[in-house]
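Okay, so here's the structure we're looking at.
This is how it looks when you write it as structure tokens:
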């Protein structure tokens with residue numbers, strides 16, 4: 001999907017997935033017979049427990065474009081680390097012109113994010129996080145940058161194993 005190594009892929013079977021429509025775009029093709037309208041939709045699906053995916057669908061009707069996007073999203077499900085409804089550490093990523101910054105927040109802070117970033121984080125089940133979207137506001141690139149940032153996150157257990165120290169040493173120094 002985005003070419004990262006530590007991706008944990010998930011099969012959609014048996015998961016209770018909710019889909020969120022991020023954007024619908026009307027595209028026009030001008031032919032000698034007039035204008036032909038089409039629609040493209042980008043959708044994020046997730047089980048609100050760390051499993052998320054996004055998809056793009058194109059069709060002549062909005063409803064079928066959304067349905068195609070949902071099917072595409074279910075083919076691209078990945079697992080992201082969520083601890084206590086936030087992320088383990090801060091991260092940032094860039095995709096195209098979109099630049100995303102994510103920082104964990106304490107319980108009760110809420111989801112400080114807008115637009116496409118909010119849809120991705122809600123689908124992942126993240127409730128307390130600070131985010132900033134810089135650069136392009138193109139929903140396609142913002143969704144991909146957010147996914148890239150979430151997939152760059154490493155679990156504390158993984159870091160402890162790599163360093164050869166205990167989990168409490170990772171958190172407390």
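Residue numbers (the UniProt record's numbering): 1 to 173. Ideal placement from N, C-alpha and C gives every residue a C-beta, glycine not left out. These numbers come from a predicted model, not from an experiment.
Sequence-distant residues of its chain with Cβ nearer than 7 Å to residue i (five each side left out)
| i | result |
| --- | --- |
| residue 72 | 55, 56 and 57 |
| residue 3 | Interpretation of residue 3 is limited by its pLDDT of 49, a score under 50 that renders its predicted location unreliable; the figure taken from the coordinates is listed afterwards. So the list is empty, once near-sequence residues are dropped. |
C-beta contact flag for residue i and residue j at 8 Å
| i | j | result |
| --- | --- | --- |
| residue 127 | residue 89 | no |
| residue 119 | residue 20 | yes |
| residue 59 | residue 37 | no |
| residue 192 | residue 66 | An answer regarding residue 192 cannot be provided, because it is not within the stretch 1 to 173 covered by the chain. |
Close beta carbons around residue i, own chain, < 6 Å, minus the five adjacent residues each side
| i | result |
| --- | --- |
| residue 53 | 45, 73, 76 and 77 |
| residue 49 | 125 |
| residue 80 | 50, 124 and 150 |
| residue 43 | 19, 21, 55, 69, 70 and 73 |
Separation of residue j from residue i, as counted between CA atoms
| i | j | result |
| --- | --- | --- |
| residue 11 | residue 51 | 10 Å |
| residue 14 | residue 140 | 28 Å |
| residue 162 | residue 63 | 47 Å |
Neighbourhood of residue i by C-beta, 8 Å cutoff - its chain only, sequence neighbours within 5 removed
| i | result |
| --- | --- |
| residue 92 | 99, 100, 101, 102 and 149 |
| residue 82 | 49, 50, 124, 125 and 126 |
| residue 110 | 127 and 128 |
Selection from the options that minimises the alpha carbon distance to residue i
| i | options | result |
| --- | --- | --- |
| residue 112 | 97, 132 and 96 | 132 |
| residue 47 | 17, 24, 31 and 66 | 17 |
| residue 138 | 122, 167 and 117 | 117 |
Q: Take every Cβ of the region 156 to 171, pair it with every Cβ of the region 97 to 113, and state whether three or more of those distances are shorter than 8 Å.
A: no
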